[in-house]
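Going letter by letter, the sequence shown gives residues 11 to 163 in this note's numbering.
Following: one structure in C-alpha cells, then a few remarks.
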Amino acid sequence: MLLMIANVFYDVIMRYFFNDVSIAMQELEWHLFAGMFMFGIAYTLKEDAHVRVDIFYDAMSKRKQAMINIFGSICFALPITLLIFYYSWDYTLEAYNMGEGSADPGGLPHRWIVRSVIPASSSFLVLAIVYVVLTQVKILIANGNSSTDEQGA
Numbered sequence: 011m012l013l014m015i016a017n018v019f020y021d022v023i024m025r026y027f028f029n030d031v032s033i034a035m036q037e038l039e040w041h042l043f044a045g046m047f048m049f050g051i052a053y054t055l056k057e058d059a060h061v062r063v064d065i066f067y068d069a070m071s072k073r074k075q076a077m078i079n080i081f082g083s084i085c086f087a088l089p090i091t092l093l094i095f096y097y098s099w100d101y102t103l104e105a106y107n108m109g110e111g112s113a114d115p116g117g118l119p120h121r122w123i124v125r126s127v128i129p130a131s132s133s134f135l136v137l138a139i140v141y142v143v144l145t146q147v148k149i150l151i152a153n154g155n156s157s158t159d160e161q162g163a
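Spelled out as C-alpha cells, the structure:
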C-alpha cells in the first residue's frame, strides 16, 4: 500500500508540475493495486471482514453461523479458488515463456510478474479457507460439548 501511495504521489507530481508522464509508473500503479486487491482477499476472509447479509447472519446461533461458514468455504470459495489457481498457473507460465511485456511504448516488461500474483494469492486464499474451516469446526465442537454438558446436567 505504501509503495502504491508513493508511486501515485510521484506520478501526480511529475504529471502536473513537470508535465512528464511515465507509462511505466502508471502501469506499476495498476500492478500494485492488483497485488493489494488479490492478496487482500485472503486477508479479508481470514479476518472475517467479507461482505455478507448480516441482518440474517447475526440473528443466528454460533453453531448455525459456523455451519454456514463451513458450507460456504467448502462448496463455494474452495472450488473457485482451486479453478483460478489451476488456470492461472499456465497463464503465468505462458507470459514468462514468451517474455510478454507491455504493449505500450515505455511500459513495463516482464508481465509474468503481475500475472504470478494470481496463483500466489490463490495459494494464500486456500490457506485462509482452511483456516476458516478449522476455526468453524472448533466452534462447532466447542458448542457441541457445551450443549452436551448442559443436557447432562
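Ideal Cβ placement from N, Cα and C applies to all residues, glycine included.
Item: Please name the residue, chosen from 49, 98, 72, that lies closest to residue 137 on a Cα-to-Cα basis.; Value: 49
Item: Identify, in the order they occur along the chain, each residue of the same chain with its Cβ nearer than 8 Å to the Cβ of residue 37, setting aside the five sequence neighbours on each side.; Value: 112, 114, 117, 118
Item: Counting C-beta neighbours from all protein chains within 10 Å, is the total for residue 162 16 or more, i.e. buried, or is it exposed?; Value: Any reading at residue 162 must be qualified, since the residue scores a pLDDT of 45, below 50, and its modelled position is unreliable; the value itself is stated next. Exposed: under 16 other Cβ atoms inside 10 Å.
Item: Does DSSP put residue 17 in a helix, a strand or coil?; Value: helix
Item: If you drop the 5 nearest sequence neighbours on each side, which residues of the same chain put their C-beta closer than 6 Å to that of residue 105?; Value: 121, 122, 125
Item: Write down every uninterrupted run of the alpha helix (DSSP H) in the stretch 22–93 whose length is 4 residues or greater and which is fully enclosed by it, in chain order.; Value: 33–56, 64–67, 72–82
Item: Tell me whether residue 118 sits in a helix, a strand or coil according to DSSP, three-state version.; Value: coil
Item: Exposed or buried, what is residue 129 when buried is set at 16 or more other beta-carbons lying within 10 Å of its beta-carbon?; Value: buried
Item: Can you have a look at residue 159 and say buried or exposed, based on whether 16 or more other CB atoms are within 10 angstroms of its CB?; Value: Low confidence applies to residue 159: its pLDDT is 49, below 50, so where it sits in the model is not reliable enough to give any reading.
Item: With DSSP as the reference, label residue 162 as helix, strand or coil.; Value: Residue confidence is low: residue 162 scores 45 on pLDDT, short of 50, so the model does not pin down where it sits. No coordinate-derived value is stated.
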